[in-house]
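Going left to right, the sequence shown walks through residues -20 to -1, 1 to 298 as mature numbering (1 follows the signal peptide of the UniProt record, and there is no 0) numbers them.
Taking it in order: structure first as structure tokens, then the write-up.
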Amino acid sequence: MAGGGLWGLLVIFGATGALAQGSQVPSATVPRREDAPSRDIPRLHTFYRVGIAARANPTGLFTNLTFQVRYRLYESESPLLKDNYIGLGPVAFVSPALVRGGLGVEFQPLPILQLSASYEGIGWFGNFNYLQSFPSPNSDASDRRLAELGGVGGSNYVSNGTLFTLAALLQFKVGPVAVRSNPRLFNFNMKLRDGDRVFYEPVMDVVAPNGGWVATNDADLLYLAGRLSVGLRYTATGSFYRPEDYPAGETDLGLNPTIHRVGPIISYTFYDEPDRLFNAPSVVLISQWFLSHRYRTGVEVSQAVPWFALGFQFKGIP
């Protein structure tokens, strides 16, 4: 999203990552320096954003990169209309265990609504206990079991596939309070081991059906105070299992409930000047506790241990 305007948002990750595509924090209240240089942004221009994050429970380290050619749909000085565009360009996601890359498109007719889609290739390196696949969603995919399977001479393996993502972002702001919702749908098609139908997807921490869909949504309630934003994030994530995802004679045992997490989100933006090459450097901290999870509410990990992510983001217009 282009910065600036009352509805400007910082996008941490253009695709799902440690903080997910929806890990976006309003920065509209960040004041522009009086002596800051400015330049006119042409209707057709380029844009990039970068996000880096470390995560715990489960552990992860992720980097997301997006580069776009953007076209402003119409001119308006109204803060309710000004930030509009359609953008197209490459997207990439890098972690020590896997890499993704492909093409993404974003459409923002109004600052309160953004629609996006991407298609990416995925490559798994066969390290850090991944890729691990299973014959059934009922199979044990806990951290302990993944570590056992990924030991010396383990069953983790190199693989590749594709990911198709659909996403939306709905947001509005009244005074210093902002509300936003960021639903996303993911369709994975991986080359799995013979006989396996599902695999553990570490970014979303789910057992994903191969060829099926996984859904997640981040809902935020935020208070904007200049460079600082504080609030609450609720996240729900779940897989849609089909009869063909189970071996013959096996059915869903209800072992994989929808994952629910809730907790505080805090961000600090050092400055936000939309026409800069390096803009809106921000630090973001999210800590959420699991309300529902197959393993992280006491079965294997204490419910007192939060999901935790620390990220750094920036964006700009070359």
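Using N, Cα and C, we set each Cβ at its ideal position, and we do this for glycine too.
Give the range of the alpha helix (DSSP H) segment to which residue i is assigned.
i    : result
A127 : D123 to L129
Could you give the distance in angstroms between the alpha-carbon of residue i and the alpha-carbon of residue j?
i           : j    : result
R23         : L149 : 23 Å
P182        : P38  : 8 Å
R124        : F144 : 30 Å
A284        : T277 : 8 Å
residue 299 : N109 : This structure gives no information on residue 299, because the portion of the chain shown stretches from -20 to 298.
G291        : A228 : 44 Å
F27         : D252 : 15 Å
R213        : L257 : 30 Å
F220        : D20  : 46 Å
L78         : G103 : 6 Å
S7          : R177 : Caution is warranted here: a pLDDT of 40 is assigned to S7, below 50, making its placement in the model unreliable, and the coordinate value is therefore given only provisionally. Using only the alpha carbons, I get a separation of about 42 Å.
N197        : R241 : 11 Å
R29         : T249 : 14 Å
F47         : P223 : 39 Å
N118        : G175 : 14 Å
Check for me: the beta strand (DSSP E) holding residue i runs from which residue to which?
i    : result
T277 : Per DSSP, T277 belongs to no beta strand (DSSP E) and is neither H nor E.
Q151 : S139 to V154
V186 : V186 to P189
A36  : L24 to A36
D255 : Unbroken run through D255: none, as it is neither H nor E.
P223 : Where P223 is concerned, there is no enclosing beta strand (DSSP E), given that its DSSP letter is neither H nor E.
S247 : I239 to T249
G291 : W287 to G296
Indicate the three-state DSSP secondary structure (helix, strand or coil) for residue i in the structure shown.
i    : result
P163 : strand
S7   : Only weak support exists for where S7 lies, its pLDDT of 40 falling under 50; the coordinates are left without a value.
E86  : strand
P261 : strand
E181 : strand
E55  : coil
P70  : strand
E100 : strand
For residue i, tell me which candidate among the options has the shortest Cα-Cα distance.
i    : options                   : result
G106 : G84, D120 and L129        : L129
P89  : T231, G191, I66 and Y110  : I66
F114 : F42, K62 and V187         : V187
Y137 : V159, K171, S116 and V157 : K171
L126 : T217, D174, Y180 and V281 : Y180
F193 : T43, P59, G31 and T142    : At residue 193 the sequence reads Trp, which differs from the Phe that was named. Ranking the options by Cα distance to W193, first place goes to T142.
T217 : N190, G206 and M184       : M184
Applying the criterion that 16 or more other CB atoms from any shown protein chain within 10 Å of the CB defines a buried residue, is residue i buried or exposed?
i           : result
N169        : exposed
P244        : exposed
S209        : buried
A147        : buried
residue 324 : With the chain covering -20 to 298 only, the question about residue 324 has no answer from this structure.
P237        : exposed
T231        : exposed
E100        : buried
V279        : exposed
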